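Chemist:
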Amino acid sequence: MGNAITIMFTNQKGGVGKTSTCLGLAEAFRYMGRKVLLVDCDPQANTTSSFQVDTDGIATLYDLIVNREPIENCIISNGDGIDILPGDKVLKAQEDMIGPEKITRLQHELKKVKNVYDYILIDTNPGTGFCVKASFAAADGAIIPLNFEKYAIDGLADVMRTMDSFRDLNEDFKLFGVLINKLDMRMGDQRQANDQFEKMNGQKMGDQILHVFDTKIRTDQTIPKAQTRDESIFENYKGSKAQQDFLALAEEFEEEIKNG
Ligand SMILES: Nc1ncnc2c1ncn2[C@@H]1O[C@H](COP(=O)(O)OP(=O)(O)O)[C@@H](O)[C@H]1O
Ligand SMILES: [Mg+2]
Numbered sequence: 003m004g005n006a007i008t009i010m011f012t013n014q015k016g017g018v019g020k021t022s023t024c025l026g027l028a029e030a031f032r033y034m035g036r037k038v039l040l041v042d043c044d045p046q047a048n049t050t051s052s053f054q055v056d057t058d059g060i061a062t063l064y065d066l067i068v069n070r071e072p073i074e075n076c077i078i079s080n081g082d083g084i085d086i087l088p089g090d091k092v093l094k095a096q097e098d099m100i101g102p103e104k105i106t107r108l109q110h111e112l113k114k115v116k117n118v119y120d121y122i123l124i125d126t127n128p129g130t131g132f133c134v135k136a137s138f139a140a141a142d143g144a145i146i147p148l149n150f151e152k153y154a155i156d157g158l159a160d161v162m163r164t165m166d167s168f169r170d171l172n173e174d175f176k177l178f179g180v181l182i183n184k185l186d187m188r189m190g191d192q193r194q195a196n197d198q199f200e201k202m203n204g205q206k207m208g209d210q211i212l213h214v215f216d217t218k219i220r221t222d223q224t225i226p227k228a229q230t231r232d233e234s235i236f237e238n239y240k241g242s243k244a245q246q247d248f249l250a251l252a253e254e255f256e257e258e259i260k261n262g
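Residue numbers (the working numbering): 3 to 262.
1) Does the Cβ of G19 have 16 or more other Cβ atoms within 10 Å, making it buried, or fewer, making it exposed?
2) Thinking C-alpha only, which one of T23, N13 and Y33 is nearest E237?
3) So what's T49 in DSSP terms, helix, strand or just coil?
4) Beta strand (DSSP E) containing M10: first to last residue?
5) Scan the region 17–84 and note each continuous beta strand (DSSP E) run of 3 residues or more that stays entirely inside, going in chain order.
6) Which stretch, first to last residue, makes up the alpha helix (DSSP H) that contains P226?
7) Classify A178 as helix, strand or coil using the three-state DSSP reduction.
8) Can you check the region 96–136 for any beta strand (DSSP E) of at least 3 residues that lies completely inside it and give the ranges in chain order?
9) At a cut-off of 7 Å, would you count V55 as near ligand 1, judging by its Cβ distance to the nearest heavy atom?
10) Bridge partners of G143, per DSSP?
11) Helix, strand or coil for R188 per DSSP?
12) Taking the alpha-carbon positions, what's the L181 to P72 distance?
13) Can you tell me which of the three DSSP states K201 falls into?
14) Does ligand 2 have even one heavy atom less than 7 Å from the beta-carbon of K37?
15) Can you give the Cα-Cα distance for A136 and L87, rounded to whole angstroms?
16) Along the alpha helix (DSSP H) that carries F236, what are the first and last residues, could you check?
17) Going by DSSP in three states, L93 sits in which element: helix, strand or coil?
18) Do T49 and D125 have their beta-carbon atoms positioned less than 8 Å apart in this structure?
19) What do you reckon, are the CB atoms on A244 and G89 nearer than 8 Å?
20) Whole angstroms is fine: what's the gap from G1's alpha carbon to Q96's?
21) Could you round the C-beta distance between N196 and F248 to whole angstroms and report it? I think they count as a contact, below 8 Å.
22) Put I87 into one of helix, strand or coil per three-state DSSP.
23) Okay, do the region 73–83 and the region 162–177 touch, 3+ Cβ pairs below 8 Å being the bar?
24) What does a CB cutoff of less than 6 Å around S79 pick up in its chain, not counting 5 residues either side in sequence?
25) For L148, which of K116, H213, C133 and E103 has the nearest alpha-carbon?
26) Apart from the five residues just before and just after T21, which ones in its own chain have a Cβ nearer than 7 Å to its Cβ?
27) Along the chain, where does the alpha helix (DSSP H) that runs through V161 open and close?
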């Protein structure tokens with residue numbers, strides 16, 4: 003255990019599945035016996051609320067960044083294998099007002115707990131604001147969830163450009179992979195887009211080599227259902243497509259890390 007790999011989930015677009023894939027992968031890693039810290043860097047704090055964490059009166063990511071609260075005082079641990087560094091709606095309100103000198107606070111504080119976890123997963127908001135930048139500085143690399151819809155490739159090019167433009171924040175930042183989410187191969191246009199993506203795999207895009215995970219997350223209504231009910235895919239929806247896909251993704255990820 004220890005020396006965590008820090009992964010941020012990013013895409014400038016909303017609704018592509020950043021939060022869902024972050025949660026799904028966190029659950030899959032836990033299922034495999036890994037110790038996970040979830041960092042809710044999305045100012046909407048969906049991840050935090052899905053774990054029914056009440057941020058009233060407790061220190062959050064906002065306090066860590068703005069009030070220099072040490073990370074130990076912010077992490078919520080209930081011993082179930084996934085710890086949470088809760089987000090805060092105040093972050094959203096004040097994001098534009100946080101000074102640039104705070105950009106490395108998260109990076110700095112996460113270093114202190116890296117030896118406690120196997121994985122640190124950071125859920126981010128759409129756009130390129132303060133929270134996204136702070137996550138770029140703090141993470142080892144990104145998973146980019148993507149949906150096969152119109153302009154998906156344009157969206158991907160945007161994210162890759164953003165990654166290049168934040169390079170000075172973190173020289174070693176890498177693209178772990180593009181994760182196709184909400185795949186429905188019954189749809190002809192999705193099959194077409196999938197073929198197109200297979201061809202792009204391994205090609206250069208900006209400074210990065212494009213890597214697309216073999217594992218795709220299929221469209222599965224279990225995902226929104228579990229979220230609305232604050233349920234666990236791995237406990238309440240065993241055998242679902244979502245559970246199978248997230249487990250396959252976690253295994254593929256570990257295999258990849260092992261092979262460098
Ligand atoms: N594979 C999937 N199958 C079905 N619904 C999904 C899937 N992934 C995400 N969703 C749903 O799509 C919506 C947007 O996903 P979300 O993870 O919140 O996106 P983001 O964090 O990028 O804004 C949510 O309602 C979520 O439940
Ligand atoms: Mg989200």
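Note that beta-carbon positions come from the ideal geometry of N, C-alpha and C, so glycine has one too. Since we're looking at a predicted model, the values are computed, not measured.
Modeler: So, to answer that:
1) Within 10 angstroms of the beta-carbon of G19 lie 16 or more other beta-carbons, which makes it buried.
2) Residue nearest to E237 within the set T23, N13 and Y33 is Y33 (criterion: CA-CA distance).
3) Judged by DSSP in its simplified three-state form, T49 adopts helix.
4) Taken as a continuous stretch (DSSP letters only), the beta strand (DSSP E) holding M10 covers I7 to F11.
5) Segments of the beta strand (DSSP E) lying fully in the region 17–84: 38–43.
6) Note, P226: alpha helix (DSSP H), T224 to T230.
7) Note on residue identity: the sequence assigns Phe, not Ala, to residue 178. If DSSP states are grouped into helix, strand and coil, F178 belongs with the strands.
8) DSSP runs (the beta strand (DSSP E)) wholly in the region 96–136: 121–126.
9) No.
10) Within the DSSP secondary-structure output, G143 pairs in a beta bridge with I9 and K176.
11) Look at R188 here: in three-state DSSP terms it is coil, with no helix or strand label.
12) Each residue's Cα considered, the two are about 33 Å apart.
13) Judged by DSSP in its simplified three-state form, K201 adopts helix.
14) Relative to ligand 2, K37 has its C-beta separated by 7 Å or more from all heavy atoms.
15) Cα to Cα, A136 sits roughly 14 Å from L87.
16) In the DSSP assignment, F236 falls within the unbroken alpha helix (DSSP H) covering I235 to N238.
17) In the structure shown, L93 sits in a helix (DSSP, three-state: H, G or I).
18) The answer is yes: Cβ separation under 8 Å.
19) Going by C-beta atoms, A244 is not nearer than 8 Å to G89.
20) For the chain, the structure presents residues 3 to 262; residue 1 sits outside this window and is missing.
21) Not quite, the Cβ-Cβ distance comes to about 19 Å (not below 8 Å), so this is no contact.
22) For the sequence presented, residue 87 should be read as Leu rather than Ile. Three-state DSSP puts L87 in a strand.
23) No: fewer than three Cβ pairs fall under 8 Å.
24) Only D85 meet the Cβ criterion.
25) Minimum Cα distance to L148 is reached at H213.
26) Here the set comprises D44, N48, T49 and D125.
27) Its alpha helix (DSSP H) spans residues A154 to S167.
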